[in-house]
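Colleague: Chains as they are written, first to last, in the working numbering: chain R, 1 to 640; chain D, 1 to 263; chain B, 1 to 208. Think of the CB as a built atom: it goes at the ideal place given N, C-alpha and C, for glycine as much as any other residue. Let me begin by handing over the structure; questions about it come next.
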Amino acid sequence: MAKEIHATIPEGDLKDKWSNYKAHAKLVSPNNRKKLEVIVVGTGLAGASAAASLAEMGYKIKSFCFQDSPRRAHSVAAQGGVNAMKNYQNDGDSVYRMFYDTLKGGDFRSREANTYRLAECSASLIDQAVAQGVPFGREYSGYLKNRSFGGVQVSRTFYARGQTGQQLLLGAYQALMRQKEQGNVQLYTRHEMLDLVIIDGKAKGIIARNLDTGEIERHGAHAVILATGGFGKIYYLSTLAMGCNASAIWRAYKKGALMANPSWTQVHPTSLPQSGPYQSKLTLMSESLRNDGRIWVPKSKEEQRLPGEIPEEERDYYLERKYPSFGNLAPRDIASRAAKEQIDAGKGVGALKNAVYLDFSDAIKEYGQELIAERYGNLFTMYQKITGIDAYKEPMKISPSAHFSMGGLWVDYDLMTSIPGLFAIGEANFSDHGANRLGANSLLQACVDGYYIAPYTLQNYLADQIQVKKTDVNHPAFTEAEEKVQKQLHHFINQKGTKTAEEFHRELGKILYDKCGLSRSEDGLKIAISQIQNLREDFKTNLLVPGDVEDINSELEKAGRVSDYLELSELMCIDALNRNESCGAHFREEFQTEDGEAKRDDKDFAYSAAWEWSGEVSSPILNKEVLKFEFVQPTQRSYK
Amino acid sequence: MNSFSLLSEAINNRIVMKIHLKIWRQKNQNTKGQLETYTLDDVDAEMSFLEMLDMLNLKLAKQGERPVEFDHDCREGICGQCGVMINGIAHGPLKNTTTCQLHMRSFKDGDTIFVEPFKAKAFPVIRDLKVNRSALDEIIAAGGYISVSTGQAPEANSILVSHEEAESAFDSAACIGCGACVATCKNASAALFTSSKISQLAKLPQGKKESNKRTVDMVNRMEDLGFGHCTNTEACQVECPQDISVLNIAQMNYEYNKAKLVK
Amino acid sequence: MALTGLFLCFFLIIHLLGNFQLLLPPEEAQLQYNLYSDFLSNNLVVKIISYVLYASILVHTLDAIYLSIKAKKAKGSSYVKDKRNRASKWYSRQMMLLGTIVFAFLVIHFKDFWFPYKFGDLSSDINGNKDLYTLVIVSFQKLWYVILYAVAILALGFHLLHGFFSAIRSIGLYNPTYNRIVKSVGVVFAVAITLGYFVIPLYIYLNA
Numbered sequence: 001m002a003k004e005i006h007a008t009i010p011e012g013d014l015k016d017k018w019s020n021y022k023a024h025a026k027l028v029s030p031n032n033r034k035k036l037e038v039i040v041v042g043t044g045l046a047g048a049s050a051a052a053s054l055a056e057m058g059y060k061i062k063s064f065c066f067q068d069s070p071r072r073a074h075s076v077a078a079q080g081g082v083n084a085m086k087n088y089q090n091d092g093d094s095v096y097r098m099f100y101d102t103l104k105g106g107d108f109r110s111r112e113a114n115t116y117r118l119a120e121c122s123a124s125l126i127d128q129a130v131a132q133g134v135p136f137g138r139e140y141s142g143y144l145k146n147r148s149f150g151g152v153q154v155s156r157t158f159y160a161r162g163q164t165g166q167q168l169l170l171g172a173y174q175a176l177m178r179q180k181e182q183g184n185v186q187l188y189t190r191h192e193m194l195d196l197v198i199i200d201g202k203a204k205g206i207i208a209r210n211l212d213t214g215e216i217e218r219h220g221a222h223a224v225i226l227a228t229g230g231f232g233k234i235y236y237l238s239t240l241a242m243g244c245n246a247s248a249i250w251r252a253y254k255k256g257a258l259m260a261n262p263s264w265t266q267v268h269p270t271s272l273p274q275s276g277p278y279q280s281k282l283t284l285m286s287e288s289l290r291n292d293g294r295i296w297v298p299k300s301k302e303e304q305r306l307p308g309e310i311p312e313e314e315r316d317y318y319l320e321r322k323y324p325s326f327g328n329l330a331p332r333d334i335a336s337r338a339a340k341e342q343i344d345a346g347k348g349v350g351a352l353k354n355a356v357y358l359d360f361s362d363a364i365k366e367y368g369q370e371l372i373a374e375r376y377g378n379l380f381t382m383y384q385k386i387t388g389i390d391a392y393k394e395p396m397k398i399s400p401s402a403h404f405s406m407g408g409l410w411v412d413y414d415l416m417t418s419i420p421g422l423f424a425i426g427e428a429n430f431s432d433h434g435a436n437r438l439g440a441n442s443l444l445q446a447c448v449d450g451y452y453i454a455p456y457t458l459q460n461y462l463a464d465q466i467q468v469k470k471t472d473v474n475h476p477a478f479t480e481a482e483e484k485v486q487k488q489l490h491h492f493i494n495q496k497g498t499k500t501a502e503e504f505h506r507e508l509g510k511i512l513y514d515k516c517g518l519s520r521s522e523d524g525l526k527i528a529i530s531q532i533q534n535l536r537e538d539f540k541t542n543l544l545v546p547g548d549v550e551d552i553n554s555e556l557e558k559a560g561r562v563s564d565y566l567e568l569s570e571l572m573c574i575d576a577l578n579r580n581e582s583c584g585a586h587f588r589e590e591f592q593t594e595d596g597e598a599k600r601d602d603k604d605f606a607y608s609a610a611w612e613w614s615g616e617v618s619s620p621i622l623n624k625e626v627l628k629f630e631f632v633q634p635t636q637r638s639y640k
Numbered sequence: 001m002n003s004f005s006l007l008s009e010a011i012n013n014r015i016v017m018k019i020h021l022k023i024w025r026q027k028n029q030n031t032k033g034q035l036e037t038y039t040l041d042d043v044d045a046e047m048s049f050l051e052m053l054d055m056l057n058l059k060l061a062k063q064g065e066r067p068v069e070f071d072h073d074c075r076e077g078i079c080g081q082c083g084v085m086i087n088g089i090a091h092g093p094l095k096n097t098t099t100c101q102l103h104m105r106s107f108k109d110g111d112t113i114f115v116e117p118f119k120a121k122a123f124p125v126i127r128d129l130k131v132n133r134s135a136l137d138e139i140i141a142a143g144g145y146i147s148v149s150t151g152q153a154p155e156a157n158s159i160l161v162s163h164e165e166a167e168s169a170f171d172s173a174a175c176i177g178c179g180a181c182v183a184t185c186k187n188a189s190a191a192l193f194t195s196s197k198i199s200q201l202a203k204l205p206q207g208k209k210e211s212n213k214r215t216v217d218m219v220n221r222m223e224d225l226g227f228g229h230c231t232n233t234e235a236c237q238v239e240c241p242q243d244i245s246v247l248n249i250a251q252m253n254y255e256y257n258k259a260k261l262v263k
Numbered sequence: 001m002a003l004t005g006l007f008l009c010f011f012l013i014i015h016l017l018g019n020f021q022l023l024l025p026p027e028e029a030q031l032q033y034n035l036y037s038d039f040l041s042n043n044l045v046v047k048i049i050s051y052v053l054y055a056s057i058l059v060h061t062l063d064a065i066y067l068s069i070k071a072k073k074a075k076g077s078s079y080v081k082d083k084r085n086r087a088s089k090w091y092s093r094q095m096m097l098l099g100t101i102v103f104a105f106l107v108i109h110f111k112d113f114w115f116p117y118k119f120g121d122l123s124s125d126i127n128g129n130k131d132l133y134t135l136v137i138v139s140f141q142k143l144w145y146v147i148l149y150a151v152a153i154l155a156l157g158f159h160l161l162h163g164f165f166s167a168i169r170s171i172g173l174y175n176p177t178y179n180r181i182v183k184s185v186g187v188v189f190a191v192a193i194t195l196g197y198f199v200i201p202l203y204i205y206l207n208a
């Protein structure tokens, strides 16, 4: 029988909850702060902003990332923009509307209070980013510009050309480097967290591997923040960076942190299609392209002509046809599924028939090539670099690709996991997006978690730790964790099998795309589980990792990540199998409406599934956080 | 299912090339490196350059040899982590392209490709093609920011930034910190990298206030870290994946001279 | 580097204008040129400027040596395959070489004209001024000397082609439009100086 868990949501009306929290949260006096150490793993938008903010307050921060510089974390790749409720366009926006859009976009599977707080804090983020020097797009008058994005009917997206993530991340990175210069942050680049250390039930440190030397290190602190991003890379082909991984959160899960809704992965509708079997990743094309691009496929399966030669009446603008009010700006889950439907029906385009057209010819006719180039120039250039095709002349070919993890470590209203002292922020947690994330809300969540929430909630926790001495890294818990890590690394090296980690990863990716991707079924998921189990068995004996443990060894890094993926993937399937409904990105074939839309079951599944490690990968324990809708009545989501 | 049969059809239709590689292998900073020769018979023209290296590494691993260590992460040209000298050119033959966005269709069947790490005293080799570029972070730490605390800030539209200022600041801010400018410069100068940040912030009203201090601190740090001097050969912009303009360097010089004069 | 370089550019213009007197009809040229030389060596302001000039040459040279050493230190080991040249003009990379040629020429130039004029035993013209004119005319009647001169001027020309705009950059002119103008002005300046300095020996040689 599943246990029920609660999220410690503050009392009061929806719009007062966060103010109430802040008014009553405990504080640490400035002279005590320097005695308290916090480990922040990850230097993306969430990690860098939290580390910088806490360091500015006076805490001693140890910041870790596996990249060679904090500026390279994958937030850097976000293109389209960041949402914020400023209502500069005077088009009817409000905090409530933004909250409602996000909740609805997530198919009513997120926590009201968290989602509202996200919208509430969004305006300050823009103020702050501007103060940091983020060069957002501007009108000629000097005022900030907005664009519209999928799933909403107002323009609330701020952007810096097609590199908004980069610019926001550089802002956070620079704030972080400023604190490093002042001695409040110790930076550990090219370090990977391999285990969480718990002493007396509280998170007290991590075991990390120096990726340049292979040395295993112990780091203690009064609290640990995981800001390690999403795990879409588990699908092998994804829009994520090669190094993105689930290891930190997975190892925290195995130490007792709950993992919520792990199967909810957003498949992004506008990425570039796979072009061959050697491919290592798929490149995302910003969703903002859908503002001016029209998506279509030929009406006939046998179509052989070039796109420009196909007359209007033989094209199917299927998004405009099926969802007239949102059209090409339908939310991502819907746009992706609609594309899959067309591709599965044999109407896909391109050599592999695995793509749909995204056509700018009408927009170019209407606004001129110059304006289109100003809006999306870098995306068109990027498209040409990768495919060799000029998208001003012929339509882009796009295809759905694994992108964002709505699921992640379960956290309460404080963004603390079920382990006291262990916090999870940004994409690493599960909190704000429900079963589908709206475009441009990811940068927002990462920033809000790091700049605006963690500084309060961490302090609330740390206030009780003032008397606690510096963590002793010679504690048996550290020794035990380090030994376990060492044992695993040596096990990888010593197998001397025949398959590299990457080969295992590719196989796993295929299984997940087929059976736990855009659409899922009970039979498929059951098959997937047994396939994953077999693959995992093979991985235990047949892995090939050249090189040594005590040395730089990128193959060994991969092995660790794939090892975790092989376990997490099963949990994803179990989670998808457990949820006998369709919601957002989770589409179970058995549960659909007559016209093929997701069919939610609010009576039985209005909860977040928070899975608990039982000691066995295949038999996790289900905890339920029931989603109480006090202020909003969930409705059937419609974008028609 | 359909897509898998098409995939194999595509495999039959693809252009396959034989490529000879001469790759720099170096155990660590303290040992000498040398070029090793490898041959791949089965390189697809549509592969990216890094996928070709993946292919080599898979082959090496299966032969029980150490794979080639190289830096990479996002593989879409924005994180700045990849970067090697390809046939003596930073990021290879295409202009304004990162190594990860270079595809094998830029080479011919039978080509020999030299692959070496970025070389500069301030970029010590970690192993093979991997170098330590933390010196660039140090330059930013010296002052590459607006000294504003996180959290609260004045209403965003209270600071007006003209369209031209914002666009121009963005052009400077687009730097990805890959270090190709340093590797390309005959003086191993980091002037383009450093100036792009100085210039971005100096162009914005909110960044102007501390420009003098920022510029002097960053330029001094760049010198202390052992980078060379800019002699305006302009090679950096040509090989920069983001086409960062050398005029940023001129602006850095302006800000620096101004700071020194007002002192 | 930039400031001394620009001062030297300024000097090149003045020096060239003065030397154009050599192109006058021979008798007139002799008297005019010798008078001019006498004026230069006795005027206090010109004297001060000439000391600034000597200092500029020295500082410019020492700075160049310092920067080369710094660049050498900053560079890592060399590339086995090095095609970095494609991204820049050869003369922008070879400023040290070009500068060395110019410097070597300067030494010869000083030895042949400046030293005899200042400390040597030159005969006087009818106005009683030292007859530098004849020394110059005689020197440039030797073909090998004209060729030596031409090589040096060519080196100077390329040195200026990069040096002029580079100096303005280093001072900090960053406006794109003005930069385009400066670049064009730099080219015109380099070509004009090269041709100007080239025409004089050629004229003397051909008229001999």
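Any beta-carbon of chain B closer than 8 Å to the one on residue 266 of chain D?
Modeller: A query on residue 266 of chain D cannot be resolved here, the shown segment of chain D reaching from 1 to 263 and no further.
Colleague: Quick one: list the residues of chain C neighbouring residue 79 of chain B, beta-carbon separation under 7 Å, in chain order.
Modeller: Here the protein chains are R, D and B, and chain C is not one of them.
Colleague: According to a CB-to-CB cut-off of less than 7 Å, which residues of the region 155 to 180 of chain D neighbour chain R?
Modeller: If the cut-off is 7 Å between Cβ atoms, the region 155 to 180 of chain D has 155, 156, 157, 159, 160, 161, 162, 163, 166, 169, 170, 173, 174, 177 near chain R.
Colleague: I need the boundaries of the alpha helix (DSSP H) containing residue 223 of chain D, first residue and last residue.
Modeller: Looking at the DSSP string, the run of the alpha helix (DSSP H) that includes residue 223 of chain D is 211 to 224.
Colleague: Below 8 Å on C-beta distance, what does residue 17 of chain D contact in chain R?
Modeller: Result: empty, since nearest Cβ-Cβ is about 13 Å, beyond 8 Å.
Colleague: Between residue 304 of chain D and chain B, is there a C-beta pair that is closer than 8 Å?
Modeller: Chain D is shown only over 1 to 263; residue 304 of chain D falls outside these bounds and no answer can be derived.
Colleague: For residue 396 of chain R and chain D, any beta-carbon pair shorter than 8 Å?
Modeller: So no, residue 396 of chain R is outside the interface.
Colleague: Go ahead and pull the three-state DSSP assignment for residue 3 of chain D.
Modeller: For residue 3 of chain D, the predicted structure reports a pLDDT of 46, less than 50, and the residue's modelled location is therefore unreliable. A value from the coordinates is still provided. Correct three-state label for residue 3 of chain D: helix.
Colleague: With a threshold of 16 other CB atoms inside 10 Å of the CB of residue 635 of chain R, please say whether the residue is buried or exposed.
Modeller: Classification for residue 635 of chain R: exposed.
Colleague: Listed in chain order, which residues of the region 52 to 85 of chain R have Cβ atoms closer than 7 Å to some Cβ of chain D?
Modeller: Of all residues in the region 52 to 85 of chain R, 52, 53, 56, 67, 68, 69, 71, 72, 74, 76, 77 have a Cβ within less than 7 Å of some Cβ in chain D.
Colleague: Classify residue 637 of chain R: buried if its beta carbon has 16 or more other beta carbons within 10 angstroms, exposed otherwise.
Modeller: Per the 10 Å Cβ criterion, buried.
Colleague: Suppose contacts are defined by Cβ-Cβ distances below 8 Å. Is residue 154 of chain R in contact with residue 92 of chain R by that definition?
Modeller: For residue 154 of chain R and residue 92 of chain R, yes; Cβs fall inside 8 Å.
Colleague: Applying a beta-carbon distance threshold of less than 7 Å, which residues of chain R neighbour residue 135 of chain D?
Modeller: The premise fails here: residue 135 of chain D is roughly 10 Å from chain R at the closest Cβ pair, so nothing lies under 7 Å.
Colleague: So, are the CB atoms of residue 171 of chain R and residue 74 of chain R less than 8 Å apart?
Modeller: No; because the gap between Cβ atoms is not below 8 Å, this pair is not in contact.
Colleague: Where does residue 260 of chain R sit, in a helix, a strand or coil, going by DSSP?
Modeller: Here residue 260 of chain R sits in strand by DSSP.
Colleague: Listing by chain order, which chain R residues have their CB less than 9 Å from the CB of residue 54 of chain D?
Modeller: Ordered by position in chain R, the residues that pass the 9 Å Cβ test against residue 54 of chain D are 278, 280, 502.
Colleague: By alpha-carbon positions, which one of B/163, B/202, B/198, B/64 ends up nearest to residue 182 of chain B?
Modeller: When only C-alpha atoms are compared, the closest one is B/163.
Colleague: Find out if the Cβ-Cβ distance for the pair residue 142 of chain R, residue 162 of chain D is shorter than 8 Å.
Modeller: Contact flag set, yes.
Colleague: Quick one: grab the DSSP three-state call for residue 96 of chain D.
Modeller: Residue state, collapsed to three classes: coil.
Colleague: Of all Cβ atoms in chain R, is any one closer than 8 Å to the Cβ of residue 73 of chain D?
Modeller: Output row for residue 73 of chain D: interface = yes.
Colleague: Just curious, the beta strand (DSSP E) that residue 145 of chain B is in, first and last residue?
Modeller: It is not in any beta strand (DSSP E) - residue 145 of chain B instead sits in the alpha helix (DSSP H) that spans 143 to 171.
Colleague: In the structure shown, what three-state DSSP assignment does residue 195 of chain R receive?
Modeller: In this structure, residue 195 of chain R counts as strand in the three-state DSSP scheme.
Colleague: Would you mind stating whether residue 583 of chain R and residue 263 of chain R have Cβ atoms separated by less than 8 Å?
Modeller: No; because the gap between Cβ atoms is not below 8 Å, this pair is not in contact.
Colleague: For a contact meaning CB atoms closer than 7 Å, what does residue 61 of chain D contact in chain R?
Modeller: Simply 500, 544, 546, 555.
Colleague: Could you tell me if residue 67 of chain R is buried or exposed, where buried requires 16 or more neighbouring beta carbons within 10 angstroms of its beta carbon?
Modeller: Flag for residue 67 of chain R reads buried.
Colleague: Apart from the five residues on each side of it in sequence, which residues of its chain come closer than 6 Å, Cβ to Cβ, to residue 248 of chain D?
Modeller: Answer for residue 248 of chain D: 172, 195, 196, 199, listed in chain order.
Colleague: Tell me which residues share the same chain as residue 59 of chain B and place their Cβ nearer than 6 Å to its Cβ, disregarding the 5 neighbours each side in the sequence.
Modeller: 4, listed in sequence order.
Colleague: Is any heavy atom in the ligand FMN found nearer than 7 Å to the beta carbon of residue 140 of chain R?
Modeller: As for the ligand FMN, it is missing from this structure, which has no ligand bound.
Colleague: Does DSSP put residue 207 of chain R in a helix, in a strand, or in coil?
Modeller: Residue 207 of chain R: strand per DSSP, three-state reduction.
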